[in-house]
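Keeping their order, the protein sequence lines are chains G and W. If you're matching positions, the first sequence starts at 161 in the working numbering and goes up one per residue. If you're matching positions, the second sequence starts at 105 in the working numbering and goes up one per residue. Heads up, the thing below is written out as structure tokens.
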Amino acid sequence: MITVDPGTYVQLLALVQNSIIAAAVLGVVGGLIGVFVMQRDMAFAVHGISELSFAGAAAALLLGLNVVGGSIIGSLIAAALIGVLGAKARDRNSIIGVLMPFGLGLGILFLALYPGRSGNKFGLLTGQIISVDLPQLGLLIGISIVVLVALLIVWRPLTFDSLDAEVASARGVPSRALSILFMTLLGLTVAVSVQVIGALLVMALLVTPAAAALRVSSSPVMVPVLSMVFGLVSAVGGILLAIGGSLPISPYITTISFAIYVVCRIIGSRARVAR
Amino acid sequence: MTTEPAAGGPAATPSPVLSIRGGALRVRDRELWSGLDLDVRPGEFIAVLGGNGTGKTSLLRAMLGERRLDEGTVLVGGHAAHRGHRRIGYIPQQKIAAPGTPLRGRDLVALGVNGTRWGPPISTRGDRERVDALLASVGAEGYADRPLGSLSGGEQQRLRVAQALADDPTLLLCDEPLMSLDLQHQRAVSELIDARRREHGTAVVFVTHDINPVLGMVDRVLYLAQGRFTVGTPDEVLRSDVLTRLYGTPVEVFRSHGRVVVVGVPELEHHHEVTA
Numbered sequence: 161m162i163t164v165d166p167g168t169y170v171q172l173l174a175l176v177q178n179s180i181i182a183a184a185v186l187g188v189v190g191g192l193i194g195v196f197v198m199q200r201d202m203a204f205a206v207h208g209i210s211e212l213s214f215a216g217a218a219a220a221l222l223l224g225l226n227v228v229g230g231s232i233i234g235s236l237i238a239a240a241l242i243g244v245l246g247a248k249a250r251d252r253n254s255i256i257g258v259l260m261p262f263g264l265g266l267g268i269l270f271l272a273l274y275p276g277r278s279g280n281k282f283g284l285l286t287g288q289i290i291s292v293d294l295p296q297l298g299l300l301i302g303i304s305i306v307v308l309v310a311l312l313i314v315w316r317p318l319t320f321d322s323l324d325a326e327v328a329s330a331r332g333v334p335s336r337a338l339s340i341l342f343m344t345l346l347g348l349t350v351a352v353s354v355q356v357i358g359a360l361l362v363m364a365l366l367v368t369p370a371a372a373a374l375r376v377s378s379s380p381v382m383v384p385v386l387s388m389v390f391g392l393v394s395a396v397g398g399i400l401l402a403i404g405g406s407l408p409i410s411p412y413i414t415t416i417s418f419a420i421y422v423v424c425r426i427i428g429s430r431a432r433v434a435r
Numbered sequence: 105m106t107t108e109p110a111a112g113g114p115a116a117t118p119s120p121v122l123s124i125r126g127g128a129l130r131v132r133d134r135e136l137w138s139g140l141d142l143d144v145r146p147g148e149f150i151a152v153l154g155g156n157g158t159g160k161t162s163l164l165r166a167m168l169g170e171r172r173l174d175e176g177t178v179l180v181g182g183h184a185a186h187r188g189h190r191r192i193g194y195i196p197q198q199k200i201a202a203p204g205t206p207l208r209g210r211d212l213v214a215l216g217v218n219g220t221r222w223g224p225p226i227s228t229r230g231d232r233e234r235v236d237a238l239l240a241s242v243g244a245e246g247y248a249d250r251p252l253g254s255l256s257g258g259e260q261q262r263l264r265v266a267q268a269l270a271d272d273p274t275l276l277l278c279d280e281p282l283m284s285l286d287l288q289h290q291r292a293v294s295e296l297i298d299a300r301r302r303e304h305g306t307a308v309v310f311v312t313h314d315i316n317p318v319l320g321m322v323d324r325v326l327y328l329a330q331g332r333f334t335v336g337t338p339d340e341v342l343r344s345d346v347l348t349r350l351y352g353t354p355v356e357v358f359r360s361h362g363r364v365v366v367v368g369v370p371e372l373e374h375h376h377e378v379t380a
């Protein structure tokens, strides 16, 4: 889809430098936290949080406040509700099923009331990475670093709690506190992702890369590494492909992410047959 | 029945690993049992028998410090039981890992070694050597690198034993560790546990609904039934008159070929004895 000559492409590249950095950071953090999203069986929760994050961002847009801030508040409220009300998987799914349309509806209401440019409106749902400005970029990177460091600190107890809860609890792992912390980190990551890829497509960076990695490996080292690489390739690759053409970025990101998953599935099933 | 330690030589009465005094458990207003005194010595193998809803698992959770008894005290190594006790190994009720679980056999064992440690997940050489040694001790080297979800129930349970031994426990708590295993694996897993307590003096509390796979290893039985309990050696407890008194209804115990079969247990309490 590259319809511009190489010289113009390089100039465009310079223009979207911020977005590329944002996408790279997000690809890495999303891939990493995605591993725990899969371990804790929370893919649907990611979707639920992102819709409330969208509502928060839309409210902030309407009120003329910081959109990232609104998005974070929406995310954290959703994460807290899901964490407190949905301790059990079954409860959790119904809570999310209830919250999601409510959040989406609120968001659409706020956007309808918003008198500004319509380009901003759909950006929140389907992505607006091109418009990442410098302060926003700083916020995105700052939040991503917080999430990254926190994950590294709690990595092993969180893995223990996610995969072997009963023994972890007997061994003294504070599962309740870890669960609250994880929901907070997930909320922050979702809020950041909504800015880049849009509320509807967040799962392409928070779920698909980890799911793909799990098809080809069971190693606790390889799964996060692959997941981060897949996230990075999808996010940055999507931008690089998109800036040459006239189509939005999100479909490129979701398509690359999906293609990686399909390839991993095929490789994974071959390996299983071979064994 | 007595809760005093059986004779183990005049000088051989080391302080108990586990000590329960006046233990009582209630579910809502119903008393499951009360007045439970139990001392478990190093190297002792105690089987906890009883039907569903007799509080076997709750008792184990009290030893783990995950719940309190409604009355009485539980001391582990002389201190009140608390969650995360370093010297307790725990083998939970068997839950087969789902296919696609992102763990290999050795990773399950590694969680026992360093799963509670904070900080970046970089395993030290010492950790890796410990995991290898644990894998070797249960004979699981052959499948240590395969995904957990692809292993049989017996293989997974061997790994569970290795995981539980990670911190060199003085007390090993096992909750139905042989459930849904075939006979061969039942023998293999129970022999691993038995070897551990013989070689390292680890006390074992083994909750089970079927005593037969471990009958030859058990020192004493804690038998819970009908809001009562009785403690003693298998020969003292697994007798028609004793269980008839415990259940308050005629119960017959047959022994043949080293197996115990109990007949006549009330409907609601049907459990191991039905298996011939």
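By construction, the Cβ of each residue, glycine as well, lies at the ideal position given by its N, Cα and C atoms.
For R187/W, the nearest beta carbon of chain G is closer than 7 Å to its own beta carbon. By the C-beta criterion, the region 212-221 of chain W is judged not to be in contact with the region 295-311 of chain W, since fewer than 3 inter-stretch pairs fall below 8 Å.
The C-beta of V423/G comes no closer than 7 Å to any C-beta of chain W. Nearest in C-alpha terms to R130/W, of all of F149/W, G147/W and G157/W, is G157/W. Taking one beta carbon from each stretch, the region 203-217 of chain G and the region 177-188 of chain G have fewer than 3 pairs nearer than 8 Å; the two do not touch. When C-beta atoms of the region 323-340 of chain W are compared with those of the region 141-161 of chain W, three or more pairs fall below 8 Å, so the two segments count as touching. P251/W is bridged by DSSP to R208/W. Any Cβ of chain W closer than 7 Å to the Cβ of R336/G would place that residue at the interface, and such an atom is absent. Residues of chain G with a Cβ closer than 7 Å to the Cβ of T205/W are, in chain order, L323.
By the Cβ neighbour-count rule, L287/W is exposed, with fewer than 16 other Cβ atoms within 10 Å of its own.
The beta carbons of S179/G and P251/W sit about 38 Å from each other, so the pair does not count as a contact at 8 Å. A residue is called buried when at least 16 other Cβ atoms come within 10 angstroms of its Cβ; L175/G does not meet this threshold and is exposed.
The Cβ atoms of V227/G and L366/G do not sit closer than 7 Å to each other.
With a threshold of 7 Å between beta carbons, R221/W makes contact with chain G.
Listed by position along chain G, the residues whose Cβ is nearer than 9 Å to that of P370/W form an empty set, because the closest Cβ is around 30 Å away.
Distance from the CA atom of Q355/G to the CA atom of W315/G, rounded to whole angstroms, is 26 Å. Residue-level contact by beta carbon fails for D272/W and chain G, as no gap is shorter than 7 Å.
Ranked by how close their Cα comes to the Cα of R363/W, the residues D314/W, T306/W, Q197/W and Y351/W have D314/W in first place.
In the structure shown, L319/W falls within a coil segment according to DSSP collapsed to helix, strand and coil. Looking from the CA of I193/G, the closest CA among S353/G, S429/G, G398/G and L401/G belongs to S353/G. By the rule that beta-carbons nearer than 7 Å mark a contact, P281/W does not touch chain G. With a beta-carbon spacing of about 17 Å, G223/W and I305/G fall beyond the 8 Å limit used to define contacts. For the region 145-176 of chain W, residues whose beta-carbon sits nearer than 7 Å to a beta-carbon of chain G comprise L168 and E170. In this structure, DSSP gives D293/G a state outside helix and strand, which the three-state scheme calls coil. When C-beta atoms of the region 172-180 of chain W are compared with those of the region 255-263 of chain W, fewer than three pairs fall below 8 Å, so the two segments do not count as touching. DSSP places S377/G in the coil class of the three-state scheme, outside both helix and strand.
With a threshold of 7 Å between beta carbons, D231/W makes no contact with chain G.
Within the DSSP secondary-structure output, G336/W pairs in a beta bridge with V325/W. Going by DSSP, I192/W is part of the beta strand (DSSP E) stretching over I192 to I195.
Residue pairing for V383/G: DSSP places it in no beta bridge. By the criterion of a C-beta distance shorter than 6 Å, R262/W is surrounded in its chain by V242 and A244, once the five residues flanking it on both sides are discounted. By alpha-carbon distance to L212/G, the top candidate from M202/G, Q199/G, R200/G and L241/G is L241/G. By the CB criterion at 7 Å, A203/G and I256/G fall outside the cutoff. Contact with chain W is absent for F262/G, since none of that chain's Cβ atoms lies less than 7 Å from the residue's Cβ. Within chain W, the residues whose beta carbon sits less than 7 Å from that of G332/G are R187, G188 and T220, listed in sequence order. Bounds of the beta strand (DSSP E) holding I150/W are F149 to G154.
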